[in-house]
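Protein chains in written order, with this note's numbering: chain A, 16 to 117; chain B, 8 to 460.
Backbone N, C-alpha and C fix where the C-beta goes; we use that ideal spot for every residue, glycine too.
Keep in mind it's a predicted model, so treat the numbers as computed, not measured.
Worksheet: one structure, shown below.
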Amino acid sequence: MPYVVTDLCTGCRYTECVSVCPVECFHIDDAMTYIDPQHCIDCGGCVPVCPVGAIKAAHKLPPDKVEWIEINRRRAAETPVVASRLPPLPGADERKKAIVLR
Amino acid sequence: MIPEAFPLQRAAGRYRVAIVGGGPSGFYAAEALLRSGQSVDVDMFERLPVPYGLVRFGVAPDHPKLKQVTRVFDRIAEMPGFRFFGGVEIGKMPSIGALRPCYHAVILATGAPVSRLMDVPGEGLPGSYQAGDFVAWYNGHPDFRHCKFDLGTERVVIIGHGNVALDVARMLAKTPDELCHTDIAAHALDALAASRVRDIYLVGRRGPDQTRFAAKELQEFEELADCDLLVDLDDFQGLTSGPGADTEAEAALTMLRAFSTRPIAKRRRCVFLFGLSPLGIEGDGHVQRILLSQRQLNAQAISSRNIAIDCGLLFSSIGRRAAPISGIPYDEARGVYANIAGRLAADGGALPGLYACGWGKRGPQGTIGTNRACSAETVANVLADLPQLGEPPRHPDSLLGGKSIPRYVDYPAWGRIDAEEVARGRPKGKPREKFIAVDEMFAATSEASHVEP
Numbered sequence: 016m017p018y019v020v021t022d023l024c025t026g027c028r029y030t031e032c033v034s035v036c037p038v039e040c041f042h043i044d045d046a047m048t049y050i051d052p053q054h055c056i057d058c059g060g061c062v063p064v065c066p067v068g069a070i071k072a073a074h075k076l077p078p079d080k081v082e083w084i085e086i087n088r089r090r091a092a093e094t095p096v097v098a099s100r101l102p103p104l105p106g107a108d109e110r111k112k113a114i115v116l117r
Numbered sequence: 008m009i010p011e012a013f014p015l016q017r018a019a020g021r022y023r024v025a026i027v028g029g030g031p032s033g034f035y036a037a038e039a040l041l042r043s044g045q046s047v048d049v050d051m052f053e054r055l056p057v058p059y060g061l062v063r064f065g066v067a068p069d070h071p072k073l074k075q076v077t078r079v080f081d082r083i084a085e086m087p088g089f090r091f092f093g094g095v096e097i098g099k100m101p102s103i104g105a106l107r108p109c110y111h112a113v114i115l116a117t118g119a120p121v122s123r124l125m126d127v128p129g130e131g132l133p134g135s136y137q138a139g140d141f142v143a144w145y146n147g148h149p150d151f152r153h154c155k156f157d158l159g160t161e162r163v164v165i166i167g168h169g170n171v172a173l174d175v176a177r178m179l180a181k182t183p184d185e186l187c188h189t190d191i192a193a194h195a196l197d198a199l200a201a202s203r204v205r206d207i208y209l210v211g212r213r214g215p216d217q218t219r220f221a222a223k224e225l226q227e228f229e230e231l232a233d234c235d236l237l238v239d240l241d242d243f244q245g246l247t248s249g250p251g252a253d254t255e256a257e258a259a260l261t262m263l264r265a266f267s268t269r270p271i272a273k274r275r276r277c278v279f280l281f282g283l284s285p286l287g288i289e290g291d292g293h294v295q296r297i298l299l300s301q302r303q304l305n306a307q308a309i310s311s312r313n314i315a316i317d318c319g320l321l322f323s324s325i326g327r328r329a330a331p332i333s334g335i336p337y338d339e340a341r342g343v344y345a346n347i348a349g350r351l352a353a354d355g356g357a358l359p360g361l362y363a364c365g366w367g368k369r370g371p372q373g374t375i376g377t378n379r380a381c382s383a384e385t386v387a388n389v390l391a392d393l394p395q396l397g398e399p400p401r402h403p404d405s406l407l408g409g410k411s412i413p414r415y416v417d418y419p420a421w422g423r424i425d426a427e428e429v430a431r432g433r434p435k436g437k438p439r440e441k442f443i444a445v446d447e448m449f450a451a452t453s454e455a456s457h458v459e460p
């Protein structure tokens with residue numbers, strides 16, 4: 016059971032997860048990151064470092080987020096690996112505040 | 008001396024960096040150096056003939072998926088410019104001082120191998136051990152293969168509420184069927200199969216809201232085949248997490264609360280106790296009980312009383328620190344090499360050409376991948392400093408042969424050890440049967456491979 020990036024990442028894309036991933040299993044597009052389930056080794060290191068809590072264990076996803084398992088699998092196959100941390104997307108900090116207060 | 012005097016001096020104009028230690032932080036430092044786009048050659052020195060450090064000797068045998076990270080280390084080892092020298096202990100022969108003239112920079116990636124002591128009377132009585140020794144033993148570390156733990160006792164106490172304590176408890180709690188298809192050392196599987204342990208007490212100084220347990224590791228206790236969970240939350244019913252609470256500790260508390268309501272029906276019990284500080288260990292020639300001070304939280308006041316838990320085996324798991332090295336500045340308070348963002352520093356000034364990464368730099372914390380960011384930070388400073396560091400007067404190959412480095416295991420030779428271990432494990436349904444003696448490891452590098460044709 017790998018870990019999964021959910022839609023909370025969309026528009027923030029802090030990429031703290033990337034800097035602590037031991038196996039470089041994060042992929043990226045213009046909106047967010049995705050975890051390649053083939054390469055994730057379930058270390059869980061990315062979960063606590065995500066500023067918006069976007070990453071969850073696949074088996075712990077609430078029903079309305081389960082679709083993200085398949086989205087991660089598909090998008091990881093279609094997008095490039097990101098090997099090191101990038102600046103967050105514009106507006107990420109404002110979005111984070113909104114998410115944390117929600 | 009002028010470089011021309013050394014015909015071995017290959018690749019003029021390339022930087023040479025030595026990494027001492029072949030665990031995760033060392034590999035990630037090598038990766039950052041070799042990917043930097045600069046002309047850098049990396050020599051990694053590992054005390055044991057085999058690489059991977061705590062991924063091989065720390066990660067528990069029942070966590071096979073985590074060990075897949077070794078594939079990443081193998082890819083790093085294939086990068087041009089990388090050499091591995093296994094079975095070479097820096098500090099004995101050769102020393103850091105002998106490495107320095109051969110390299111522009113030396114990075115210590117030697118981890119935190121020294122267990123912190125409880126510092127109470129009776130510590131070290133037969134039956135009282137460091138958790139780290141037990142971990143190294145069940146993982147087949149050559150230095151610990153002769154250890155004997157008194158598994159004929161019924162009650163074991165583990166002091167400390169971190170993930171190493173959980174590993175020790177889980178290994179004691181599991182049945183032979185739950186362990187026999189892992190890469191656990193054969194001697195440990197035999198000893199644990201004969202274990203008479205029934206009660207495993209996990210004792211922590213602080214409350215259930217302040218453990219260092221990873222929720223993910225706690226969760227595995229729910230799946231134990233023959234071990235119940237008891238969590239004593241009597242003194243901690245009213246706990247609520249305040250603002251800014253550590254999310255991981257909060258998740259652990261939620262898990263512990265769930266444990267406290269589970270039914271009791273199995274042969275073994277794992278008991279989580281909180282608010283207890285060790286006062287002393289008693290026993291006539293062998294551990295018989297541990298004395299603890301119990302913190303009591305009443306409405307306003309905090310008081311304490313002393314209690315004793317009878318036990319025949321005791322593990323302390325309260326942290327680790329880097330091993331002091333002569334001539335290397337040491338931060339006693341933190342138990343790490345004194346450093347500023349990875350640059351070793353003494354009296355406020357950096358020591359040119361000397362660096363640290365991993366647990367020896369930041370202390371024993373984080374997951375495997377935390378070392379990636381940690382080593383990348385150190386390497387960024389190495390790369391910034393390299394142009395100012397003098398050309399090393401000697402060539403590293405001058406260390407090879409003779410008495411400095413009489414023999415070593417390179418990466419292809421490790422590949423032969425690896426193949427042999429995997430072949431040895433196959434008939435037992437184990438992912439590998441590790442060699443547990445250094446001489447066995449060296450011998451396996453020269454034998455014809457027994458892997459199928």
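Do you know how far the Cα of residue j is from the Cα of residue i?
{"i": "residue 347(B)", "j": "residue 31(A)", "result": "22 Å"}
{"i": "residue 139(B)", "j": "residue 324(B)", "result": "7 Å"}
{"i": "residue 297(B)", "j": "residue 176(B)", "result": "17 Å"}
{"i": "residue 441(B)", "j": "residue 151(B)", "result": "13 Å"}
{"i": "residue 91(B)", "j": "residue 104(A)", "result": "40 Å"}
{"i": "residue 47(A)", "j": "residue 21(A)", "result": "9 Å"}
{"i": "residue 39(A)", "j": "residue 34(B)", "result": "14 Å"}
{"i": "residue 262(B)", "j": "residue 215(B)", "result": "10 Å"}
{"i": "residue 132(B)", "j": "residue 163(B)", "result": "14 Å"}
{"i": "residue 118(A)", "j": "residue 278(B)", "result": "Outside the displayed span of chain A (16 to 117) sits residue 118(A), for which this structure offers no information."}
{"i": "residue 316(B)", "j": "residue 372(B)", "result": "29 Å"}
{"i": "residue 397(B)", "j": "residue 110(B)", "result": "9 Å"}
{"i": "residue 95(B)", "j": "residue 27(B)", "result": "10 Å"}
{"i": "residue 228(B)", "j": "residue 179(B)", "result": "12 Å"}
What three-state label does DSSP hand residue i in the structure shown?
{"i": "residue 346(B)", "result": "strand"}
{"i": "residue 94(A)", "result": "coil"}
{"i": "residue 339(B)", "result": "coil"}
{"i": "residue 41(A)", "result": "strand"}
{"i": "residue 86(A)", "result": "helix"}
{"i": "residue 51(B)", "result": "strand"}
{"i": "residue 176(B)", "result": "helix"}
{"i": "residue 459(B)", "result": "Note on residue 459(B): pLDDT 41, under 50, position unreliable in the model; the coordinate value appears next. Coil at residue 459(B), not helix or strand."}
{"i": "residue 440(B)", "result": "coil"}
{"i": "residue 279(B)", "result": "strand"}
{"i": "residue 182(B)", "result": "coil"}
{"i": "residue 72(A)", "result": "strand"}
{"i": "residue 89(B)", "result": "strand"}
{"i": "residue 27(A)", "result": "coil"}
{"i": "residue 32(A)", "result": "helix"}
{"i": "residue 453(B)", "result": "helix"}
{"i": "residue 416(B)", "result": "strand"}
{"i": "residue 240(B)", "result": "coil"}
{"i": "residue 106(B)", "result": "helix"}
Any C-beta of chain A sitting closer than 7 Å to the C-beta of residue i?
{"i": "residue 76(B)", "result": "yes"}
{"i": "residue 309(B)", "result": "no"}
{"i": "residue 72(B)", "result": "yes"}
{"i": "residue 368(B)", "result": "no"}
{"i": "residue 329(B)", "result": "no"}
{"i": "residue 452(B)", "result": "no"}
{"i": "residue 460(B)", "result": "Caution is warranted here: a pLDDT of 37 is assigned to residue 460(B), below 50, making its placement in the model unreliable, and the coordinate value is therefore given only provisionally. Closer than 7 Å: no."}
{"i": "residue 67(B)", "result": "no"}
Hey, is residue i's beta-carbon within less than 7 Å of any beta-carbon in chain B?
{"i": "residue 36(A)", "result": "yes"}
{"i": "residue 65(A)", "result": "no"}
{"i": "residue 57(A)", "result": "yes"}
{"i": "residue 60(A)", "result": "yes"}
{"i": "residue 33(A)", "result": "no"}
Got a sec? Which residues, its chain only, sit under 6 Å from residue i by beta carbon, not counting five neighbours each side?
{"i": "residue 99(A)", "result": "none"}
{"i": "residue 146(B)", "result": "64"}
{"i": "residue 366(B)", "result": "118 and 119"}
{"i": "residue 69(B)", "result": "189"}
Quick one: what's got a C-beta closer than 7 Å to residue i's C-beta in the same chain, skipping five residues either side?
{"i": "residue 345(B)", "result": "336, 337, 338, 351, 352 and 353"}
{"i": "residue 35(A)", "result": "60, 61 and 64"}
Under a Cβ-count criterion, where at least 16 other Cβ atoms within 10 Å of its own Cβ denotes burial, should residue i be classed as buried or exposed?
{"i": "residue 333(B)", "result": "exposed"}
{"i": "residue 115(B)", "result": "buried"}
{"i": "residue 102(A)", "result": "exposed"}
{"i": "residue 409(B)", "result": "exposed"}
For the ligand MG, is there a heavy atom less than 6 Å away from the beta-carbon of residue i?
{"i": "residue 177(B)", "result": "This structure does not include the ligand MG; it has no bound ligands of any sort."}
Near residue i, what residues of its chain come up, given a Cβ to Cβ distance below 8 Å and the 5 sequence neighbours on each side ignored?
{"i": "residue 183(B)", "result": "196, 199 and 200"}
{"i": "residue 291(B)", "result": "none"}
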